[in-house]
Structures are given as C-alpha cells and as structure tokens.
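Written out below as structure tokens is the structure these notes cover.
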Amino acid sequence: MRPLDRPFTMGQLLTLQQKTVSVLIYGKRYDILVSVSEHQLLTAIAQDEIVLLPVNFDRTQLLLDIPETSPQLERELNDFTDSDESVTDLLKEGV
C-alpha cells in the first residue's frame, strides 16, 4: 500500500480483476493496477453495495492507508455523498 503524499479523490469501485480494479470518478471509468495485498483487501470489501476508494489525482494508484481521521478524507467523502451529516459520523453508525 502506498503512503498519502499528495491530494486525492474518491472513486466508486466498479469491478475487481486479478491485477486491476475499475473505479468510477466523476462519471469516467479508470482501470488501476493493484498489488496482491490490495487485491486481497478489495476482495474482502467488494461484496458491499457501494465501495468508495481513495485514488491519487493521476488516477493511477489506490491510496488505501489514509487515516480515518484525515480532514481531507472527510471532505472528499462529504463532497461525494453531498450529505449534510458528516460521513465519518455515518460510518461510525454503520450506515
């Protein structure tokens, strides 16, 4: 997994293949190469109805080790969901 070293955006997981994951970012599909450990993690969470993944601005890498307390992560999730209620509060409630 790669460290967060620059701004990112959120992508919705579309499909998971052995070596790539397809994500939807602002209506456009991107295929991103994944490592074995990333594939294992994504396999475990891909059964959820909607999965949002942090992606670098170049749309070339997943950024799966962003801390849950990251202010930028909360802003990105709130922008994605366009919700008045904090996404981190929703996640803590299990929604």
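Residue numbers for the sequence shown follow the working numbering, beginning at 361 and rising by one. Glycine is no exception: its CB is placed at the ideal position from the N, C-alpha and C atoms. Computed from a prediction, not measured in an experiment: that's the story for all the values here.
As assigned by DSSP and simplified to three states, the class of residue i
| i | result |
| --- | --- |
| R419 | coil |
| L450 | Model confidence at L450 stands at a pLDDT of 47, short of 50, so the residue's coordinates are unreliable; what they give is reported in the following sentence. Reduced to three states, the DSSP call for L450 is helix. |
| Q372 | strand |
| P367 | coil |
| P414 | strand |
| Q432 | helix |
| D439 | helix |
Residue range of the beta strand (DSSP E) that includes residue i
| i | result |
| --- | --- |
| L393 | 388-393 |
| Q400 | Run containing Q400: none in the beta strand (DSSP E); it sits in the alpha helix (DSSP H), 396-405. |
| I385 | 380-385 |
Beta-carbon separation (whole angstroms), residue i vs residue j, contact threshold 8 Å
| i | j | result |
| --- | --- | --- |
| T380 | V394 | 6 Å |
| L433 | I426 | 5 Å |
| N416 | L424 | 11 Å between Cβ atoms; not a contact. |
| L401 | M370 | Actually they are not in contact, since the Cβ atoms of L401 and M370 sit about 16 Å apart, beyond 8 Å. |
Own chain residues within Cβ distance below 7 Å of residue i, not counting five before or after
| i | result |
| --- | --- |
| L374 | S382, V383, L384, R389 |
Other residues of its chain near residue i: CB distance less than 8 Å, five sequence neighbours each side excluded
| i | result |
| --- | --- |
| A406 | L373, L376 |
| E398 | M361, V381, L422, L424 |
Neighbourhood of residue i by C-beta, 6 Å cutoff - its chain only, sequence neighbours within 5 removed
| i | result |
| --- | --- |
| L451 | Note that L451 scores a pLDDT of 49, beneath 50, so its modelled location is shaky; the value from the coordinates is reported in the next line. If we look at L451 and ignore the five residues flanking it on each side, it has no Cβ neighbours. |
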